[in-house]
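Visitor: To start, I am sharing the structure in question, which I have written as structure tokens.
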Amino acid sequence: MHTTHAKYHIGQVVRHRNHPFRGVVFDVDAIFSNSQEWYDAIPEESRPSKDQPYYHLLAENDESYYVAYVSEQNLVADFSGEPVSHPDLDDLFGEFGNGSYRLQFQMN
1 MHTTHAKYHI GQVVRHRNHP FRGVVFDVDA IFSNSQEWYD AIPEESRPSK
51 DQPYYHLLAE NDESYYVAYV SEQNLVADFS GEPVSHPDLD DLFGEFGNGS
101 YRLQFQMN
């Protein structure tokens, strides 16, 4: 049995290592769980391994808000202390402090 440990946690603010966006983790897949078509759309030379945690983010950049799906190797913790202003944050999270948001509800 393969065991995977996620480096980042739900509610944590992270940034992409190579692209100018940041976001809040709202779900984690232990290994890649998106479509093969999505995976194949990534240029082969920068395609991350499927055998690592993948994070669902409420993401933002200077131009828009969106949901992103990012491999652990492409994320770094965001230590800016700045909140994220994604419009869907209030649906899942409460107050912001110490680089993380508190969940509004209990998860299974």
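Its first residue numbered 1, the sequence shown is counted upward by one per residue in the UniProt record's numbering. Virtual Cβ for every residue (Gly too), placed ideally from N, Cα, C. Keep in mind it's a predicted model, so treat the numbers as computed, not measured.
Which of the three DSSP states, helix, strand or coil, is assigned to Y8?
Guide: Your numbering for residue 8 matches position 8 in the sequence shown. Residue state, collapsed to three classes: coil.
Visitor: Taking just the CA atoms, how far does E37 sit from V24?
Guide: Here the question's residue 24 lines up with position 24 in the sequence shown. Here the question's residue 37 lines up with position 37 in the sequence shown. Roughly 25 Å separates the two Cα atoms.
Visitor: Using a C-beta cutoff of 7 Å, does N18 count as contacting chain C?
Guide: In the structure shown, chain C does not exist; there is a single protein chain.
Visitor: Out of N98, R17, N18 and I10, which has the shortest C-alpha to C-alpha gap to F26?
Guide: Your numbering for residue 26 matches position 26 in the sequence shown. For the residues N98, R17, N18 and I10, the minimum Cα distance to F26 belongs to I10.
Visitor: Contact defined as beta carbons within less than 8 Å: I believe H86 pairs with L58. What is the distance between those atoms, to the nearest angstrom?
Guide: Position 86 of the sequence shown, counted from the start, is the residue given in the question as residue 86. Position 58 of the sequence shown, counted from the start, is the residue given in the question as residue 58. Between L58 and H86 the Cβ distance is about 4 Å, and since that is below 8 Å, they are a contact.
Visitor: Less than 6 Å between the CB of D62 and some heavy atom of the ligand FMN, yes or no?
Guide: In the structure on display, the ligand FMN does not appear, and there are no ligands present to speak of.
Visitor: Starting from the Cα of L89, find the closest Cα among H56, V70 and I42 and give me that residue.
Guide: As a position in the sequence shown, residue 89 is number 89, starting the count at 1. Cα-wise, what sits closest to L89 is H56.
Visitor: N34: which of Y69, N74 and P83 sits nearest, CA to CA?
Guide: Taking the first residue of the sequence shown as position 1, residue 34 is located at position 34. When each option's Cα is compared against that of N34, the closest is Y69.
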